[in-house]
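To start, the structure itself, in structure tokens.
2 protein chains.
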Amino acid sequence: MKTLNIPLKERSYPIYIGEGLLDKADLFSAHIGAGQKMVVISNEVVAPLYLEKTLASLAGLGDVETVVLPDGEHTKTLQTANEVFTEMLQVPCDRKTTVIALGGGVTGDLSGFCAACYQRGVPFIQVPTTLLSQVDSSVGGKTGVNHALGKNMVGAFYQPQAVIIDTATLDSLDDRQFSAGMAEVVKYGLLGDLPFLEWIEQNINAIMCRDKQAIAQIIERSCQAKADIVAKDEKEHGVRALLNLGHTFGHAIESAKGYGEWLHGEAVGLGMVMAADLSRRLGYIKPEDQQRVQSIVAAAKLPVDGVQGVSAEQLRELMAVDKKVADGKLRFILYKQIGQAIIVDDVPELQLMQTLSSFAHQ
Amino acid sequence: MKTLNIPLKERSYPIYIGEGLLDKADLFSAHIGAGQKMVVISNEVVAPLYLEKTLASLAGLGDVETVVLPDGEHTKTLQTANEVFTEMLQVPCDRKTTVIALGGGVTGDLSGFCAACYQRGVPFIQVPTTLLSQVDSSVGGKTGVNHALGKNMVGAFYQPQAVIIDTATLDSLDDRQFSAGMAEVVKYGLLGDLPFLEWIEQNINAIMCRDKQAIAQIIERSCQAKADIVAKDEKEHGVRALLNLGHTFGHAIESAKGYGEWLHGEAVGLGMVMAADLSRRLGYIKPEDQQRVQSIVAAAKLPVDGVQGVSAEQLRELMAVDKKVADGKLRFILYKQIGQAIIVDDVPELQLMQTLSSFAHQ
Chain A
8 MKTLNIPLKE
18 RSYPIYIGEG
28 LLDKADLFSA
38 HIGAGQKMVV
48 ISNEVVAPLY
58 LEKTLASLAG
68 LGDVETVVLP
78 DGEHTKTLQT
88 ANEVFTEMLQ
98 VPCDRKTTVI
108 ALGGGVTGDL
118 SGFCAACYQR
128 GVPFIQVPTT
138 LLSQVDSSVG
148 GKTGVNHALG
158 KNMVGAFYQP
168 QAVIIDTATL
178 DSLDDRQFSA
188 GMAEVVKYGL
198 LGDLPFLEWI
208 EQNINAIMCR
218 DKQAIAQIIE
228 RSCQAKADIV
238 AKDEKEHGVR
248 ALLNLGHTFG
258 HAIESAKGYG
268 EWLHGEAVGL
278 GMVMAADLSR
288 RLGYIKPEDQ
298 QRVQSIVAAA
308 KLPVDGVQGV
318 SAEQLRELMA
328 VDKKVADGKL
338 RFILYKQIGQ
348 AIIVDDVPEL
358 QLMQTLSSFA
368 HQ
Chain B
8 MKTLNIPLKE
18 RSYPIYIGEG
28 LLDKADLFSA
38 HIGAGQKMVV
48 ISNEVVAPLY
58 LEKTLASLAG
68 LGDVETVVLP
78 DGEHTKTLQT
88 ANEVFTEMLQ
98 VPCDRKTTVI
108 ALGGGVTGDL
118 SGFCAACYQR
128 GVPFIQVPTT
138 LLSQVDSSVG
148 GKTGVNHALG
158 KNMVGAFYQP
168 QAVIIDTATL
178 DSLDDRQFSA
188 GMAEVVKYGL
198 LGDLPFLEWI
208 EQNINAIMCR
218 DKQAIAQIIE
228 RSCQAKADIV
238 AKDEKEHGVR
248 ALLNLGHTFG
258 HAIESAKGYG
268 EWLHGEAVGL
278 GMVMAADLSR
288 RLGYIKPEDQ
298 QRVQSIVAAA
308 KLPVDGVQGV
318 SAEQLRELMA
328 VDKKVADGKL
338 RFILYKQIGQ
348 AIIVDDVPEL
358 QLMQTLSSFA
368 HQ
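Below, the structure written as structure tokens:
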């Protein structure tokens, strides 16, 4: 087992990474007060696989309630959060009750938001079971739900007590979901860690074949990269914005297609390719750099050609409500060079529309 | 104008108190970035009186959107919050948009929650226009909405950039609302400031006749009392719980009668009398102390006799989901003596039911 630390003063917490951690009762008990209530929030896909194991590790700590939600991005709403509040109030849970998120990014984001808001905040533990949530969404305290008018528009910065990553849970992850997680892994290399990117490029076959050691490596290195950035800028006033590489385009794609049709990671994958296209048009990177981004995204079996049934204008409109808008200006994360992302908030409309038109196929 | 400060490190902020502050554009501009958008959230009662004045002070700072909600406790829901998010997304507001709450406690709590959650947090200014919100709810960062199963069960600790208290807005406050606010004023005296309590007792006629100087005095002293406690314990892990004097009973009353039939302050007023009854039964205070609590609450024209159409058992059940429950135990704020409240979490069921039976008239 590897333990990383997110240093955020009184909000610091550990990330445990290892095979079979769901069975380690002591990892849970170290972060849950004896005799306190617990609520495990999971979904219909994950619960049959891992709920029993989790409950076994929690047995003896206190009373446990379980909430099993439908699977999918469409459940990540204020309405579902309200249903969770209802179940928690019926128990009734108090201010010392620990919320445990068992599932992927949707479960973690929603559960974290519920933990942040239930009685103005209760303790929270992330147990991510997908690659995407293990390398990205479970770490760093971003919680929230979607709104009909935009993704993640309602939420809170709320740090967990601990993140428990059992890499064995990836054995049950289908290839499409695995690829979606790879988008965020590749992102860390592209935005600020050229040696890691090179390592991914060299080991992409082993990774995609789910080689255990390669997977342990990408999770550790991704969590460390995220931890370093979050420690510098918890609430995204500066450098944390770099983590949004591919996300301004990605969120617009997800929103245009309706949440769920494209997985978040798929949209981010194409978004990183679009960011490369725009960076090249603006003269930041060369055509061969753009090709390099496209190659690694394609090697992770993520879409690189574009999105069907959506117009450039439609994507442009959806971008206007993105959280990354500041002072009415769109904020893009682009490539200064491969392995070094930068924040650009004066992208000319002309090149932006050229990029959008190249990838939006109506 | 008087300026108090809430010292909370990077979350510190000023409370401005004075007559006619709504007209002071510079108070607003000091806390709103030039050219940033603003959203004023108000209600149907307050907006016709003070919205125009407020907008005049904001003119020239940037674009202002207004959201006017129905009046009353029943609007303080997650559903209304979602409607506010919709309006904000339609503008669209970004992460630098300032939310300005213009109204009483309901408006402030709801607006603060919206500010806390919109895009994971935007700047927020409180402009309380009722006595209750000026002396209590606008100060200290408690925001939230009600749930069908309990009051303020969903929310966030989220501090504003500033609190602007224009005492002239009390001129339009009806007597019932004024009395409701007096419950929280009296509370500060009862829980920890005997000299202030004595001052209130001596000046109760001037206060109830809305003598300007007396009112300025009670607002300043109440805000200072709240600021002192919040500075010591922002998130209610300890001493801040004392501010809940009268609230465990009060919330149960509000909940039993349906939000809005009893004003929050009325329920707290009776709650403080019930806390005195229970304190006397447990031997903490003498019958004459209980009488003193009852007298000052009655002098503020608040209910002291009890609540109709509710059973003791019903109140007891509603208390079980109160946020002040910890480890399954009810937590009461009782009187160690007049002017000194204490936290008691081992109240015997017998005396509790005796108190409830004395005040619940079915």
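Those sequence lines, one after another, are chains A and B. Count along the first sequence starting at 1, add 7, and that's the number in the working numbering. Count along the second sequence starting at 1, add 7, and that's the number in the working numbering. Beta carbons are placed, not taken as given, at the ideal position from N, Cα and C, and that holds for glycine. Keep in mind that this is a model prediction, so the values were computed, not measured.
Chain A places a beta carbon closer than 8 Å to that of ASN89 of chain B, counting this residue as a contact. Assignment of beta strand (DSSP E) within the stretch 42–81 of chain A, counting only whole runs of 3 or more residues, yields 45–50 and 71–76 in chain order. Restricted to the stretch 139–218 of chain B, the beta strand (DSSP E) segments that are unbroken, complete and at least 3 residues in length are 149–154, 157–164 and 169–173, listed in chain order. DSSP lists no bridge partner for TYR291 of chain B. Collapsing the DSSP output to three states places THR136 of chain B in coil. Rounded to the nearest whole angstrom, the C-alpha separation of ALA32 of chain A and LEU65 of chain A is 6 Å. Proximity of ARG102 of chain B to chain A, defined by a Cβ-Cβ separation below 8 Å, is satisfied. Nearest CB-CB separation between THR93 of chain B and chain A: below the 8 Å threshold. Assigned with DSSP and collapsed to three states, LEU285 of chain B falls in helix. At a cut-off of 8 Å, the C-beta of LEU85 of chain B has a neighbouring C-beta in chain A.
Taking the C-beta atoms as reference points, SER262 of chain B is found no nearer than 8 Å to LYS194 of chain B. In the three-state DSSP reduction, HIS368 of chain A falls in the strand class (E or B).
Residues of the stretch 125–140 of chain A with a C-beta less than 8 Å from any C-beta of chain B: TYR125, GLN126, ARG127 and GLY128, listed in chain order. By the CB criterion at 8 Å, MET45 of chain A and THR87 of chain A fall outside the cutoff. Between GLY278 of chain B and ILE260 of chain B a beta carbon distance of about 7 Å is seen, short of the 8 Å cut, so the two are scored as contacting. In this structure, the straight-line span from the alpha carbon of GLY25 of chain B to that of ALA37 of chain B is close to 17 Å. Residue range 85–97 is occupied by the alpha helix (DSSP H) that includes ASN89 of chain B.
The Cβ-Cβ distance between VAL75 of chain B and CYS121 of chain B does not fall below 8 Å.
Counting only Cβ-Cβ distances below 9 Å, PHE164 of chain A has contacts in chain B at ARG127 and GLY128, in chain order. In this structure, the straight-line span from the alpha carbon of ASP143 of chain A to that of GLY188 of chain A is close to 8 Å. Taken in chain order, the members of the stretch 305–329 of chain A whose beta-carbon sits within less than 8 Å of a beta-carbon on chain B are ALA327 and VAL328. The CB of GLN97 of chain B comes closer than 9 Å to the CB of LEU156 and VAL328 in chain A, given here in chain order. Contact check for LEU204 of chain B against GLY346 of chain B passes: the beta carbons are separated by less than 8 Å.
Under the three-state reduction of DSSP, LYS343 of chain A is assigned to strand. Taking the beta carbon of ALA123 of chain B as reference, the chain A residues within 8 Å of it are ALA163, listed in sequence order. Interface annotation for the stretch 208–236 of chain A against chain B: empty, criterion Cβ-Cβ distance under 8 Å. Here the alpha carbons of ILE172 of chain B and TRP206 of chain B stand approximately 22 Å from one another. Residues ILE236 and ASP240 of the same chain have their beta carbon placed closer than 6 Å to that of ARG247 of chain A, with the five preceding and five following residues left out of the count. By DSSP's assignment, THR105 of chain A forms a beta bridge with A:MET45.
In this structure, the alpha-carbon of GLY272 of chain A lies about 36 Å from that of GLN97 of chain A. ALA348 of chain B sits in a strand when the DSSP states are folded into three classes.
Identification of residues in the stretch 40–59 of chain B having a C-beta nearer than 9 Å to some C-beta of chain A yields GLY40, GLY42, GLN43 and LYS44, given in sequence order. Nearest CB-CB separation between LYS149 of chain B and chain A: below the 8 Å threshold.
Comparing alpha carbon positions, the residue from B:VAL47, B:TYR57, B:LEU325 and B:PHE256 closest to THR362 of chain B is B:PHE256. In the assembly as shown, HIS254 of chain B is a buried residue. Its beta-carbon has 16 or more other beta-carbons within 10 Å. A Cβ-Cβ contact shorter than 8 Å links GLY115 of chain A with GLN133 of chain A.
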